[in-house]
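In what follows, a single structure is set out as structure tokens and then discussed.
There are 2 protein chains.
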Amino acid sequence: MNQRQQEILSLVQQQGFITIETLAQNFNVTPQTIRRDIKSLGDKQLLTRYHGGAGVSSSIENVEYSTRQIMNLEEKQQIAKLTANHIPDRASIFINIGTTTEEIAKALLHHNGLKIITNNLNVAAILRSNPTFEIIIAGGIVRQRDGGITGEATIDFIRQFKVDFGIIGISAIDPDGTLLDFDYHEVRVAQAIIENSRQVFLATDHTKFDRNAMVRLGSIDQIDALFTDLYPTEHIVTLLAENNIDLHTVRSKVAPGHKQSQ
Amino acid sequence: MNQRQQEILSLVQQQGFITIETLAQNFNVTPQTIRRDIKSLGDKQLLTRYHGGAGVSSSIENVEYSTRQIMNLEEKQQIAKLTANHIPDRASIFINIGTTTEEIAKALLHHNGLKIITNNLNVAAILRSNPTFEIIIAGGIVRQRDGGITGEATIDFIRQFKVDFGIIGISAIDPDGTLLDFDYHEVRVAQAIIENSRQVFLATDHTKFDRNAMVRLGSIDQIDALFTDLYPTEHIVTLLAENNIDLHTVRSKVAPGHKQSQ
DNA sequence: ATTTTATTGTTGTAATTTGAAGATAAACGA
DNA sequence: TCGTTTATCTTCAAATTACAACAATAAAAT
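Respectively, the protein sequence lines represent chains A and B. Position 21 of the first sequence, counted from 1, bears residue number 21 in this note's numbering, the numbering being contiguous throughout. Position 114 of the second sequence, counted from 1, bears residue number 1114 in this note's numbering, the numbering being contiguous throughout.
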């Protein structure tokens, strides 16, 4: 973020709303440049873009931004936006535990009429600010560290539903395509989500590709689409192609023979 | 949604109803433009359209909740403290929806090793900050306005447990000892809590004694102790005595022949 | 020194917003 | 009930704003 963008941010926060014209004159640059600036800031959800200007971002979305430091936040927000773009209005979805999925919840706030079932207290809190949503929270034991809800009761609860999209995060992906996580309880819930979703979206940043975790969650062929920031290694790409899994990356680095979006 | 629409929304929520003419003059645009705005907002169910203007959406009583939260806050905090004093460490408890019960959750934070089952998102969020607690949240549909969780699934979930204390709030108490509330769904949950608690604590401020509400929750003889701020009318006191219900008041106004604490 | 990368301006085109005018529908008084 | 008034809806044109592609420039890396 450059100097000008910093100043734009503080101006917006001071005044609530500024036009692009004003900013352009202020900084002696063309409106197009300002547009690029506020687009970049808007992608990070540091402000909200409007036709003709920019305003403060709506409250809930960045309350936690200041208090919580999330690793690779910027990448996660971009992945979140990308994922949200593939969810239609009025869809029914599962969202599970994870910082990435919480970002997705924020990105989904501007949708309409979603039906969302989640086992994540934070996700429920975030989505509650949109009155057109119907939010169902899964019952069970609340984990103190991240507000996740797990346990047998949670799994039973999830099994009551069958939804359009299951959105899951993950801790690691093995080179052979095994999906991995650290927490046994969380894995059980994720499996239940996969079983009861018509389509499964896996959202994960590039750091998960070369990590290891203990508990086997499932196999990559159980998902329908992968959303990530960087283009994965050729090996993973092949694996995805073999299993007919859509790949959506934030940065569209050129790689031959594969579908991408945005 | 553009800046003007945001402002229209907050104006509507402030004033309850505004005419299109007023808004048009306010923003220096034609009424036609305002119509388009409120049509768009109405489609999203963020407000309700009327002939000639716009009013608050029926589904959004969020504003009302936040104002209600402040009403009699001090009394509620005192009641909360009083109630918390009667809960021992390591107890298992139900806590239901309500501003008073949320205050009780805060007052319980200094306890140790509590097992708490709740159908209130806010209560879960509050209690999460104590790592010695085990928190179980009931699953079900999340109400936008106050974070309450209700529905058949919620009741089934609660029936799985049997706890030491059930702490419930309430909307009104009839002079004949009938416990009343406004919301049918909430009542069903409260009934389930009463059935599955060894002891039932009712916490309520004095304003509830001369109010009316629609839905019958139960009878006062189903509770074991009443926590309130002011000493109730002689009539209620007699009723409590007849049913052998403990009365605990914040202000110990002298009244003959009855047990009090603090 | 040359290539790469990032930033900004320019231009043409697409999309959005707005107001105006006529047609339609709803509210209201006699 | 009927007309009268007022509000709303529809459609269109003008103005504004946004976007994408490319060129120019400056800074950074090799």
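Note that beta-carbon positions come from the ideal geometry of N, C-alpha and C, so glycine has one too.
>> Rounded to the nearest angstrom, what separates residue 201 of chain A and residue 84 of chain A at their Cα positions?
In response: Taking the straight line joining both Cα atoms gives about 10 Å.
> Hey, how far is the Cα of residue 226 of chain A from the Cα of residue 250 of chain A?
Replying inline: So the alpha carbons of these two residues sit roughly 11 Å apart.
> Does the distance from the CB of residue 1124 of chain B to the CB of residue 142 of chain A come in under 7 Å?
Replying inline: By the CB criterion at 7 Å, residue 1124 of chain B and residue 142 of chain A fall inside the cutoff.
> At a cut of 8 Å, does the stretch 1206 to 1220 of chain B reach the stretch 1172 to 1182 of chain B through at least three beta carbon pairs?
Replying inline: Contact check between the stretch 1206 to 1220 of chain B and the stretch 1172 to 1182 of chain B: three or more CB pairs, one atom from each, fall below 8 Å, which counts as touching.
> Can you name, in chain order, every residue of its own chain whose Cβ lies under 7 Å from the Cβ of residue 1012 of chain B, other than the five neighbours on each side?
Replying inline: Excluding residues up to 5 positions away in sequence, 1018, 1047, 1054, 1055, 1056 lie with their Cβ nearer than 7 Å to the Cβ of residue 1012 of chain B in the same chain.
>> Output needed for residue 1035 of chain B: all residues of its chain with C-beta closer than 7 Å, excluding positions within five of it in sequence on either side, in chain order.
In response: These residues qualify, in order along the chain: 1020.
> Is residue 1265 of chain B near residue 1224 of chain B, with beta carbons less than 7 Å apart?
Replying inline: Residue 1265 of chain B falls outside the range modelled here, since chain B spans only 1001 to 1262, and no answer is possible.
> Helix or strand or just coil, what does DSSP make of residue 1122 of chain B?
Replying inline: In this structure, DSSP gives residue 1122 of chain B a helical state, which the three-state scheme calls helix.
> Unbroken beta strand (DSSP E) runs of length 3 or more, entirely within the stretch 88 to 146 of chain A: which are they?
Replying inline: The qualifying runs are 92 to 95, 115 to 118, 134 to 137, 140 to 142.
> According to the neighbour-count rule (16 or more other Cβ atoms, all chains shown, within 10 Å of its Cβ), is residue 80 of chain A buried or exposed?
Replying inline: If you draw a 10 Å sphere on the C-beta of residue 80 of chain A, you find 16 or more other C-beta atoms in it, and that means buried.
> Excluding the five sequence neighbours on either side, which residues of its own chain have a C-beta within less than 8 Å of the C-beta of residue 194 of chain A, listed in chain order?
Replying inline: Excluding sequence neighbours, residue 194 of chain A sits near 166, 168, 200, 218, 222, 223.
> When the distance is taken between beta carbons, is residue 147 of chain A closer than 7 Å to residue 121 of chain A?
Replying inline: Taking 7 Å as the cut-off, the beta carbon of residue 121 of chain A is found closer than this to the beta carbon of residue 147 of chain A.
> Can you tell me where the beta strand (DSSP E) with residue 1037 of chain B in it begins and where it stops?
Replying inline: Note, residue 1037 of chain B: premise wrong, no beta strand (DSSP E); alpha helix (DSSP H) at 1031 to 1043.
> Can the beta-carbon of residue 1131 of chain B be found less than 7 Å from the beta-carbon of residue 144 of chain A?
Replying inline: Closer than 7 Å, so yes.
>> Taking the alpha-carbon of residue 1075 of chain B as reference, which of B:1191, B:1197, B:1101 has the nearest alpha-carbon?
In response: Ranking the options by Cα distance to residue 1075 of chain B, first place goes to B:1101.
> So, using beta-carbon positions, are residue 138 of chain A and residue 158 of chain A closer together than 7 Å?
Replying inline: Between residue 138 of chain A and residue 158 of chain A, the CB-CB gap stays under 7 Å.
>> Can you check which of these residues, A:129, A:77, A:136, A:91, is closest to residue 160 of chain A by C-alpha distance?
In response: The residue with the shortest Cα to Cα distance from residue 160 of chain A is A:136.
>> For a test of the three-state rule: what should DSSP assign to residue 49 of chain A, helix, strand or coil?
In response: The DSSP-derived three-state label of residue 49 of chain A is strand.
> What residues in its chain sit with their C-beta under 7 Å from that of residue 1072 of chain B, if we drop five residues either side in the sequence?
Replying inline: So the list reads 1205, 1207, once near-sequence residues are dropped.
>> Let me check understanding here. Comparing Cα to Cα, which of A:237, A:117, A:184 lies closest to residue 152 of chain A?
In response: Considering only alpha carbons, the answer is A:184.
> Which whole-angstrom value describes the C-beta separation of residue 78 of chain A and residue 37 of chain A, a residue pair presumed to lie in contact below a C-beta threshold of 8 Å?
Replying inline: By a beta-carbon distance limit of 8 Å, residue 78 of chain A does not contact residue 37 of chain A. Their separation comes to about 17 Å.
> Which residues, taken in chain order from the stretch 1001 to 1013 of chain B, show a beta carbon closer than 7 Å to some beta carbon of chain A?
Replying inline: Within the stretch 1001 to 1013 of chain B, contact with chain A at the beta-carbon level (separation under 7 Å) is assigned to 1002, 1003.
> Which of the residues in the stretch 123 to 135 of chain A, read from start to end, lie with their CB under 9 Å from any CB of chain B?
Replying inline: Within the stretch 123 to 135 of chain A, the qualifying residues are 124, 125, 127, 128, 129, 130, 131, 132, 133, 134, 135.
> From what residue to what residue does the alpha helix (DSSP H) around residue 1157 of chain B run?
Replying inline: Secondary structure note for residue 1157 of chain B: its alpha helix (DSSP H) is the uninterrupted segment 1152 to 1158.
> Residues of chain A with CB under 7 Å from residue 1094 of chain B, in chain order?
Replying inline: Near residue 1094 of chain B there are no residues of chain A at all, since even the closest Cβ is about 13 Å away, more than 7 Å.
> Is any beta-carbon of chain B found at less than 7 Å from that of residue 166 of chain A?
Replying inline: Chain B, which has no Cβ nearer than 7 Å to the Cβ of residue 166 of chain A, makes this no.
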